[in-house]
Structures are given as C-alpha cells and as structure tokens.
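Inspection log for the structure reproduced underneath, given as structure tokens.
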Amino acid sequence: MQARHNLSWQDVRFSVELNNKLQTRDHTVMLFVVPTTIDPFDKFIGANDSKKLVAFVEMKSVNPEVSFDATAVRFIVNGQTHPPIKVSEYARWNEDGQVNNLDGKWGYRDLQSTRVLQDSEHNYSFKLEFDLDRPSPREESYQLDLSRALKFPNGEQGPLVKFKALPWKHGYT
Numbered sequence: 001m002q003a004r005h006n007l008s009w010q011d012v013r014f015s016v017e018l019n020n021k022l023q024t025r026d027h028t029v030m031l032f033v034v035p036t037t038i039d040p041f042d043k044f045i046g047a048n049d050s051k052k053l054v055a056f057v058e059m060k061s062v063n064p065e066v067s068f069d070a071t072a073v074r075f076i077v078n079g080q081t082h083p084p085i086k087v088s089e090y091a092r093w094n095e096d097g098q099v100n101n102l103d104g105k106w107g108y109r110d111l112q113s114t115r116v117l118q119d120s121e122h123n124y125s126f127k128l129e130f131d132l133d134r135p136s137p138r139e140e141s142y143q144l145d146l147s148r149a150l151k152f153p154n155g156e157q158g159p160l161v162k163f164k165a166l167p168w169k170h171g172y173t
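Going by full-length UniProt numbering, the first residue of the sequence shown is number 1, and it counts up by one from there.
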C-alpha cells in the first residue's frame, strides 16, 4: 500500500496519492468462541466510486510566479504516456465559480486552465482522473510526469515522480 509523502521541488512542496490502496486480507475474530471469518482475497479500499486511476495532488509554493497546468500531467505505465481525462480542483467556490477562501462552499470543480500558485499559505488540491485501471501498489513500473505541468519563472521543469511499493499494516486496535 502506498502512503502520501511530502516531496519538495524548487519552491514547491507537494504530495501525490493514488486511489490504489490494497487490502490483502481480512479476518474477524468475535468474542466468546464464535467462528472466525477470513477473506483471503485482495481488494481495493477507499475508492468504490471508480475503477479508474485517480491521482490526488496537493501543492504549495513559496514563489507566487509558479503555476500548475494539471492538464499537462502525464501518467506513465510501462513507457506509455497517458493524459488525464478529467481534472478538477478542490477549493471553496463562490456563486460565480471563483475561489473564495472566506465564505465559499467546499467542493470539486472542473479545471480548464493553469492555476497560479500565488498564495503561499494555501494548499492547492487537484484530482486527476486517468482512463487506466488502477495499478497494483506492488508494482513499481509507473510514474507521474509533472515536467510540463509545473511551470517555474526560470524555465525549470517539474519532476518525474516515481512510485515505490511500501509494506503497510493497520490493525484494529
């Protein structure tokens, strides 16, 4: 299972999370000598709304001239590049569809243009949906290419994010 890790690149701190958390088995032990149930099958958890790959990207920049074009992000699987089919931003929106951090309503809105990361105190949250099946978290053959998406004033390109499988355990204690 993959966890969210904070990454840094130039003036930007960001994190990427995929909807590919995998529960490898489940068992239930009841009190008072009641039979135990065991589910030995792998199943994706926390992503019942879609069988497609979704990447959640959060970022914050200390440089108000840095911008992010989420439509330019590419997901690379086995050397093949895939653009997102839908891009949205999570924020507080006013009636006119503009970000309003004071009294807007929280929610996702489709994002059609580049977002300038001008507020250094604000976490910008994006949801990118790809026309791909969710990869297994055990695989390490996929990457998220931000090279054309993150735009710096000095012309520097954004990073290529490589994913690594990490063991994860979570008990019911």
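All C-beta atoms, glycine included, are put in the ideal place defined by N, C-alpha and C.
Given the structure is predicted, the values throughout are model-derived calculations rather than measurements.
By the Cβ criterion, the segment 100-112 is not in contact with the segment 146-153, since fewer than three pairs of Cβ atoms, one from each stretch, lie closer than 8 Å. DSSP, read as helix, strand or coil, puts Ala-91 in strand. One Cα belongs to Thr-114, the other to Leu-53, and the distance between them is close to 22 Å. Here Gly-158 is buried, its C-beta having at least 16 other C-beta atoms within 10 Å.
Counting other Cβ atoms within 10 Å of its Cβ, Ala-165 stays below 16 and is therefore classed as exposed. Excluding five sequence positions before and after Gly-155, none of the CB atoms of its chain fall closer than 6 Å to its own CB. In terms of Cβ geometry, Phe-126 and Leu-111 form a close pair [threshold 8 Å]. Under a 10 Å Cβ-count criterion, Pro-137 is classified as buried, with 16 or more other Cβ atoms of the shown protein chains found around its own Cβ. Remark: C-beta atoms of Phe-75 and Tyr-142 approach each other more closely than 8 Å.
Remark: C-beta atoms of Ala-55 and Leu-160 do not approach each other more closely than 8 Å. Leu-117 is not a Cβ neighbour of Val-73, given a cutoff of 8 Å.
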